[in-house]
Structures are given as C-alpha cells and as structure tokens.
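Peer 1: Take this structure, written in structure tokens, and hold onto it; I'll ask about it next.
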Amino acid sequence: MLFSVLGLLFMASGAHARQAIPLPNAGFENGMGGWTITVDENNIVQATPEAASLGKVGLRVNSDPELGPFEIVSSDVPVEPGTTYVVTFWSGGGGVQPGSDIGVKMYFSDSTGNSLTPAEASIRKWPGVRVSGGRFFNKSTIAAAAPDDAENLSIHILSGKGEAGAVDIDDFKIYALDAGEDWSPKLTAEQPVPPFDPVELAAFLEEIADNPYRNQAPPKVVLKLDDLKAHNGDAHPKWKEVADLAKEKNVTVTFGIIAKGMDDNATEFLAWARDFQSTGLVEYWNHGYDHAAWKADGKSLKEFKGSGYAHQKEHFERSQQLASEYLGAPFTTFGPPFGATDEDTVRVLSETPDITVWLYGKTDDSAGKVILERCWSLNIEAPLFVPNYAAFVEGYAHNRGSEYFVVQGHPSHWSGERWDQFVQIIDFLVEQKVHFVKASEFSDKAVVSAIQ
Numbered sequence: 082m083l084f085s086v087l088g089l090l091f092m093a094s095g096a097h098a099r100q101a102i103p104l105p106n107a108g109f110e111n112g113m114g115g116w117t118i119t120v121d122e123n124n125i126v127q128a129t130p131e132a133a134s135l136g137k138v139g140l141r142v143n144s145d146p147e148l149g150p151f152e153i154v155s156s157d158v159p160v161e162p163g164t165t166y167v168v169t170f171w172s173g174g175g176g177v178q179p180g181s182d183i184g185v186k187m188y189f190s191d192s193t194g195n196s197l198t199p200a201e202a203s204i205r206k207w208p209g210v211r212v213s214g215g216r217f218f219n220k221s222t223i224a225a226a227a228p229d230d231a232e233n234l235s236i237h238i239l240s241g242k243g244e245a246g247a248v249d250i251d252d253f254k255i256y257a258l259d260a261g262e263d264w265s266p267k268l269t270a271e272q273p274v275p276p277f278d279p280v281e282l283a284a285f286l287e288e289i290a291d292n293p294y295r296n297q298a299p300p301k302v303v304l305k306l307d308d309l310k311a312h313n314g315d316a317h318p319k320w321k322e323v324a325d326l327a328k329e330k331n332v333t334v335t336f337g338i339i340a341k342g343m344d345d346n347a348t349e350f351l352a353w354a355r356d357f358q359s360t361g362l363v364e365y366w367n368h369g370y371d372h373a374a375w376k377a378d379g380k381s382l383k384e385f386k387g388s389g390y391a392h393q394k395e396h397f398e399r400s401q402q403l404a405s406e407y408l409g410a411p412f413t414t415f416g417p418p419f420g421a422t423d424e425d426t427v428r429v430l431s432e433t434p435d436i437t438v439w440l441y442g443k444t445d446d447s448a449g450k451v452i453l454e455r456c457w458s459l460n461i462e463a464p465l466f467v468p469n470y471a472a473f474v475e476g477y478a479h480n481r482g483s484e485y486f487v488v489q490g491h492p493s494h495w496s497g498e499r500w501d502q503f504v505q506i507i508d509f510l511v512e513q514k515v516h517f518v519k520a521s522e523f524s525d526k527a528v529v530s531a532i533q
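Here you go:
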C-alpha cells in the first residue's frame with residue numbers, strides 16, 4: 082500500500098528520480114574503507130554509531146590544532162569534462178557542541194593524478210564548504226563542473242581552522258546534472274509542492290520504522306506557527322483549520338501572535354483565541370507587536386533589529402501588556418519576527434522576567450533565557466510557505482535521537498496541496514508517538530523530565 086500511494090504522489094509531483102553516482106563507502110558503514118587519511122587516523126577519526134545520521138555508522142572527525150593538519154580523501158569517481166557534479170552530505174553531530182569546523186571540497190584530477198582547478202558549476206554553488214558540529218545534522222550541497230582533461234572526482238575532508246572540537250559527517254552522495262538541468266527549480270502555482278523520489282522516501286520511512294529514536298526517548302516537538310493576527314476582525318480561516326486539526330488529533334500547538342491585532346480590539350478574533358486557549362492545546366507566544374520592516378537612511382530595519390532600544394522596549398512591553406489584558410497572562414515565550422534580533426533585543430529580554438524561553442535565540446548571548454535551537458534540515462516548510470512532507474521525513478530520518486525539534490510554519494499560506502502536506506506531516510509525527518509540547522514547558526525541567 083505504501084508504494085502505491087507514493088507512486089501516485091510521485092506522478093502528481095512531476096518528479097524525476099536522480100540516480101546517485103556510486104561512491105565506495107559513502108556512508109562509512111565499512112569504517113574507513115574506501116577513504117584514506119594523511120595522518121594517524123586513530124587520533125583524528127572514528128567510524129562510530131554515535132556519529133551516524135543514516136545507517137548504523139557515521140564518521141566523527143576530531144579537529145585539534147595540536148594534532149596538526151590532516152586530509153581525508155575518498156575513492157575516485159570517473160567524470161566527464163564540462164558536466165556539473167553535485168555533492169551532498171550531512172554533518173553536525175548528535176549533541177556534540179560546536180567547536181572547530183572542518184572543510185569539505187571537491188577535487189578533480191587528470192589521467193596522471195594531477196589536481197585540476199574546478200570549473201564553474203551550472204548552478205549557484207561553490208565546490209567547497211566549511212561545517213561544524215552541533216545539536217542537529219544538516220544537509221550541505223556543493224557543486225562544480227569538471228574542467229578540461231578531468232578524469233576523476235574525489236571528496237576531501239580537511240582539518241579545521243578554529244578551536245578543537247568534533248564534527249560528525251555522513252551520507253555522501255554524488256550526482257551528475259544533465260545539460261540545462263536546474264538542481265532546485267522554483268515552484269509554480271501548478272506545482273505547489275517540490276518533486277521528490279518515492280523510492281528514496283520509502284527508504285527513509287523504512288529506516289525510521291527500523292529504529293525510530295536511535296534508542297533514545299521519543300522527541301519533544303514544538304509546532305511553532307507564526308504570524309497569527311486578526312484577519313478582517315476574526316482569525317484567518319486557515320488558523321481556524323489548524324486549531325480544528327489540533328483538537329481532532331489531540332495535538333498541542335504554539336501560535337505566534339502579532340500583538341497589534343489585539344490592540345485593535347478585534348472582538349471575534351479575541352473570542353476565538355480565548356475559546357481555543359480554553360482547550361489547553363495551544364500556547365500563544367510573543368511574535369512582536371507589528372512585525373514591521375522598513376528602511377531609514379538607506380538601512381534595512383526590522384522591529385527587533387536596528388530599530389533601537391527604546392523602540393524595542395516599547396513594542397515588547399505593549400505586547401506583554403496586551404497578552405495580560407486579553408489572554409489572561411503575559412507571554413512566556415518569544416520568537417522574533419523574521420528571526421532578526423540585535424544587542425538591544427538581548428537587553429530588553431534580560432529586563433523581561435516573564436519571558437523564559439527564546440525560540441531560535443542566540444546561544445552565545447541568551448539573556449538568561451532557555452534557548453530552543455533550530456534544526457535547519459527539519460521544518461514544516463521547504464521552501465518557505467510550502468509544507469513539504471518528503472523533505473520533512475528526510476530531515477527527521479537524519480536527526481533521529483534528538484531530544485527535541487522546533488518546527489516552523491505559516492498557516493495563512495497553506496491551501497490545496499500545501500494543506501494536505503501539512504496534515505501528512507502531523508499524521509507522520511502522531512505515528513512516531515512524539516510528544517507535542519508547549520515551548521514554555523522547557524523552562525520547567527521537572528515537566529520536561531516527566532514527559533520523557
């Protein structure tokens with residue numbers, strides 16, 4: 082049944098499957114087989130289950146200036162001059178705190194093994210990138226065209242430039258682009274969801290079913306839905322639809338309110354918001370007073386970036402006051418419009434004890450708040466405003482074992498197939514038996530422990 086449903090979705094999407102070029106031991110399931118390293122690998126790399134993003138094993142790379150420079154090199158892959166090659170891989174690392182970065186580059190060589198300068202790719206990508214460790218695995222894409230006289234392509238993992246630290250890296254794939262092929266075509270009204278490979282999606286689902294949480298507790302999930310405001314005096318129909326779905330599925334959601342709508346005293350909107358609040362299934366959080374962006378003196382300004390301390394303080398206090406007046410209590414969670422903040426925001430937050438949790442906040446300057454980090458590879462929408470079930474499953478498969486996910490979306494933009502994709506994502510998470518939670522629950526460690 083799974084494959085027949087996926088096949089129908091596949092045909093509807095207009096997708097075509099990209100065939101990856103075989104790369105020996107691309108996921109390190111055989112340790113360092115197929116890869117060479119310029120120094121004693123025992124000090125630098127370990128093929129270990131703790132580093133896996135897919136499969137049973139990944140590569141943990143320890144970059145330390147005291148260990149000296151190193152280079153880890155894949156086996157050669159034959160190439161055709163003039164063809165653009167795309168390399169994708171996943172890096173980050175299962176709870177490893179950010180430390181040193183490492184480099185990942187594409188190298189072309191001729192028949193004698195001499196290194197050649199990569200030619201410009203047919204897509205907007207560089208032939209190399211630097212990545213670091215962190216809480217989540219994220220996908221990177223690099224690309225270059227094979228230059229004249231190129232016969233082979235190899236992938237090189239290079240030592241970092243910063244502090245000592247570990248980076249987990251896994252699941253390399255190489256693709257050749259056809260002439261004129263676009264790696265990431267823009268969406269149209271007739272194609273509201275990106276194409277995907279149903280065979281690959283089925284493989285992700287199979288791996289998740291085999292080991293849903295990597296022997297950890299099921300993850301906690303915060304459904305971070307942005308930009309709720311009064312719409313013609315009432316709530317937008319799509320927000321009401323999300324609320325109805327939450328009640329039907331018994332799913333907790335968090336709605337980011339643009340507080341100015343409450344300042345306008347939209348009676349029907351407020352009555353609906355309080356009615357949904359009474360179910361206990363929603364947490365409203367501070368998403369700014371007006372969500373404004375503007376230009377002044379040639380500079381781009383946003384409500385909480387570049388607008389100045391006085392402006393930010395006034396908007397924050399007014400939003401908190403309106404929540405108290407119309408929702409019964411001040412907001413306890415903050416998520417900035419556009420994700421844009423500066424040092425004045427940190428100051429305002431530090432002066433606002435009601436706020437205990439900062440969504441996607443600054444980990445290096447937290448203002449004394451609990452920071453819930455973003456997993457860039459796991460989001461409701463991919464791209465922005467477009468719920469994408471297949472991309473969500475891919476990101477989830479690579480990040481199993483994580484303690485939590487905060488996934489973002491904008492319901493006002495979901496109609497037709499986009500809505501159907503969102504429902505698929507919710508059904509998938511329900512099937513995974515995740516814990517849907519309010520963001521504020523992370524400020525109470527006893528509550529967090531109790532729901533694990």
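Residue numbers (the working numbering): 82 to 533. Ideal placement from N, C-alpha and C gives every residue a C-beta, glycine not left out. Since the model is a prediction, treat every value here as computed from it, not as a measurement.
#1: Determine, using beta-carbon pairs with one atom in the region 301-316 and one in the region 482-495, whether at least three such pairs fall under 8 Å.
#2: How big is the Cα-Cα spacing for Thr333 and Val429?
#3: Could you tell me whether the Cβ atoms of Ser144 and Gly261 are closer together than 8 Å?
#4: For the region 416-430 and the region 346-357, state whether three or more C-beta atom pairs, one from each stretch, are separated by less than 8 Å.
#5: Would you mind reading off the limits of the alpha helix (DSSP H) that contains Pro343?
#6: Rounding to the nearest angstrom, what Cα-Cα distance links Glu110 and Ser359 in this structure?
#7: Is the beta carbon of Phe236 less than 8 Å from the beta carbon of Met187?
#8: According to the Cβ coordinates, are Phe517 and Leu453 closer than 8 Å?
#9: Between the alpha carbons of Asp182 and Ser388, how many angstroms are there, rounded?
#10: Cα separation between Gly175 and Lys519?
#11: Roughly how far, in whole angstroms, is the beta-carbon of Phe486 from the beta-carbon of Trp495, given that I think they are within contact range, below 8 Å?
#12: CA-CA distance, Val80 and Val142?
#13: Would Pro103 be called buried (16 or more neighbouring beta carbons within 10 Å of its own) or exposed?
#14: Check whether the region 159-172 touches the region 250-259, counting contact only when three or more Cβ pairs, one atom from each stretch, lie closer than 8 Å.
#15: Taking Glu232 as the reference, which of Pro464, Leu197, Ser483 and Leu510 has the closest Cα?
#16: Just how far apart, CA to CA, sit Trp375 and Asp425?
#17: Where does Gln100 sit, in a helix, a strand or coil, going by DSSP?
#18: For Glu364, which of Gln401, Val511, Gly163 and Gly337 has the nearest alpha-carbon?
#19: At 3 residues or longer, and completely inside the region 147-182: list those beta strand (DSSP E) runs for me, N to C.
#20: Would you report the Cα separation of Pro130 and Arg499, rounded to the nearest angstrom?
#21: Within this structure, are the beta carbons of Leu234 and Val160 separated by less than 8 Å?
#22: Starting from Ala284, trace the alpha helix (DSSP H) in both directions and tell me its first and last residue.
#23: Which residues does DSSP list as the beta-bridge partners of Asn143?
#24: With a threshold of 6 Å on Cβ separation, who are the neighbours of Ala410 within its own chain once the five nearest residues in sequence on each side are excluded?
#25: Taking the beta carbon of Gly476 as the centre, do at least 16 other beta carbons fall within 10 Å, making it buried, or is it exposed?
#26: Hey, could you find the ends of the beta strand (DSSP E) Trp375 is sitting in?
#27: Tell whether a beta-carbon distance below 8 Å holds between Ala340 and Leu382.
#28: Do you know offhand how far Val474's Cα is from Phe285's?
#29: Under the rule that 16 or more other beta-carbon atoms within 10 Å means buried, what is Val185, buried or exposed?
#30: Cutting at 7 Å between CB atoms, please list the residues of its own chain near Ala101, excluding the five before and the five after it.
#31: Relative to the C-alpha of Ala133, which residue among Asn219, Arg99 and Arg205 is closest?
#32: What residue does the alpha helix (DSSP H) around Ser78 start on, and which one ends it?
#33: What is the DSSP secondary structure of Lys186, counted as helix, strand or coil?
Peer 2: Looking at the coordinates:
#1: In short, these stretches touch, since the Cβ pair count reaches three.
#2: Your numbering for residue 333 matches position 252 in the sequence shown. Your numbering for residue 429 matches position 348 in the sequence shown. Straight through space, the alpha carbons of Val429 and Thr333 are spaced by roughly 29 Å.
#3: The residue given as residue 144 occupies position 63 in the sequence shown. The residue given as residue 261 occupies position 180 in the sequence shown. For Ser144 and Gly261, no; Cβs fall outside 8 Å.
#4: By the Cβ rule, the region 416-430 does not count as touching the region 346-357, because fewer than three pairs are nearer than 8 Å.
#5: Numbered from its first residue, the sequence shown carries residue 343 at position 262. It is worth fixing the name first, because residue 343 is Met in this sequence and not Pro. Counted as a single uninterrupted DSSP element, the alpha helix (DSSP H) harbouring Met343 occupies residues Lys341 to Asp344.
#6: Residue 110 sits at position 29 when you count from the first residue of the sequence shown. Residue 359 sits at position 278 when you count from the first residue of the sequence shown. In this model, Glu110 and Ser359 are separated by some 50 Å (Cα to Cα).
#7: The count along the sequence shown starts at 1 and reaches residue 236 at position 155. The count along the sequence shown starts at 1 and reaches residue 187 at position 106. Per the sequence shown, residue 236 should be read as Ile rather than Phe. Between Ile236 and Met187, the C-beta gap is smaller than 8 Å, which places the two residues in contact.
#8: Within the sequence shown, numbered from 1, the residue matching residue 517 stands at position 436. Within the sequence shown, numbered from 1, the residue matching residue 453 stands at position 372. No, the pair does not count as a contact, with Cβ atoms beyond the cut-off.
#9: Here residue 182 corresponds to residue number 101 of the sequence shown, with the count starting at 1. Here residue 388 corresponds to residue number 307 of the sequence shown, with the count starting at 1. Whole-angstrom Cα-Cα distance: 33 Å.
#10: The residue you call residue 175 lines up with position 94 of the sequence shown. The residue you call residue 519 lines up with position 438 of the sequence shown. Below a pLDDT of 50, predicted positions are generally treated as unreliable, and Gly175, at 48, falls in that range; the measurement from the model is reported next regardless. Straight-line Cα distance between these residues: approximately 23 Å.
#11: Working through the sequence shown from its first residue, we reach residue 486 at position 405. Working through the sequence shown from its first residue, we reach residue 495 at position 414. Not quite, the Cβ-Cβ distance comes to about 19 Å (not below 8 Å), so this is no contact.
#12: As shown, the chain starts at 82 and ends at 533. That puts residue 80 outside it, with no answer to give.
#13: For the purposes of this step, residue 103 is taken as the residue at position 22 of the sequence shown. With fewer than 16 other beta carbons inside 10 angstroms of its own, Pro103 counts as exposed.
#14: Yes, the region 159-172 is in contact with the region 250-259.
#15: In the sequence shown, counting from the first residue as 1, residue 232 sits at position 151. Ranking Pro464, Leu197, Ser483 and Leu510 by Cα distance to Glu232 puts Leu197 first.
#16: Locating residue 375 in the sequence shown gives position 294, counting from the first residue. Locating residue 425 in the sequence shown gives position 344, counting from the first residue. Near 18 Å, if we compare the C-alpha coordinates of Asp425 and Trp375.
#17: Translated into the one-based positions of the sequence shown, residue 100 becomes position 19. Here Gln100 carries a coil assignment [DSSP, helix/strand/coil].
#18: The count along the sequence shown starts at 1 and reaches residue 364 at position 283. Comparing Cα-Cα distances from Glu364 to each of Gln401, Val511, Gly163 and Gly337, the minimum goes to Gly337.
#19: Counting only runs of 3 or more, we get 152-154 and 165-173.
#20: The residue labelled residue 130 in the question sits at position 49 within the sequence shown. The residue labelled residue 499 in the question sits at position 418 within the sequence shown. Near 36 Å, if we compare the C-alpha coordinates of Arg499 and Pro130.
#21: Position 153 of the sequence shown, counting from 1, holds the residue named residue 234. Position 79 of the sequence shown, counting from 1, holds the residue named residue 160. Here Leu234 is near Val160, since their CB atoms are less than 8 Å apart.
#22: As a first step, residue 284 is located in the sequence shown; it is residue number 203 there, counting from the start. Boundaries of the alpha helix (DSSP H) around Ala284: Pro279 to Asp291.
#23: The residue you call residue 143 lines up with position 62 of the sequence shown. Asn143 is bridged by DSSP to Ala247.
#24: Counting from one through the sequence shown, the residue named residue 410 turns up at place 329. Closer than 6 Å at the Cβ level, and outside the excluded window around Ala410, lies no residue.
#25: Working through the sequence shown from its first residue, we reach residue 476 at position 395. The residue is buried, with at least 16 neighbouring Cβ atoms inside 10 Å.
#26: For the purposes of this step, residue 375 is taken as residue 294 along the sequence shown, with counting starting at 1. Counting along the chain, Trp375 sits inside the beta strand (DSSP E) bounded by residues Ala374 to Ala377.
#27: For the purposes of this step, residue 340 is taken as the residue at position 259 of the sequence shown. For the purposes of this step, residue 382 is taken as the residue at position 301 of the sequence shown. No Cβ-Cβ contact shorter than 8 Å links Ala340 with Leu382.
#28: Start at 1 with the first residue of the sequence shown, and residue 474 comes out as number 393. Start at 1 with the first residue of the sequence shown, and residue 285 comes out as number 204. One Cα belongs to Val474, the other to Phe285, and the distance between them is close to 7 Å.
#29: Taking the sequence shown and counting its residues from 1, the one referred to as residue 185 is at position 104. Buried, by the Cβ-count rule.
#30: In the sequence shown, the residue the question calls residue 101 occupies position 20. Non-local beta-carbon contacts of Ala101 in its own chain, meaning distances under 7 Å to residues more than five positions away in sequence, involve Lys254, Ile255 and Tyr256 in chain order.
#31: Stepping through the sequence shown from its first residue, residue 133 is reached at position 52. Looking at the Cα atoms, Asn219 is the closest of the given residues.
#32: As shown, the chain starts at 82 and ends at 533. That puts residue 78 outside it, with no answer to give.
#33: On the sequence shown, residue 186 is found 105 positions in, with the first residue counted as 1. Here Lys186 sits in strand by DSSP.
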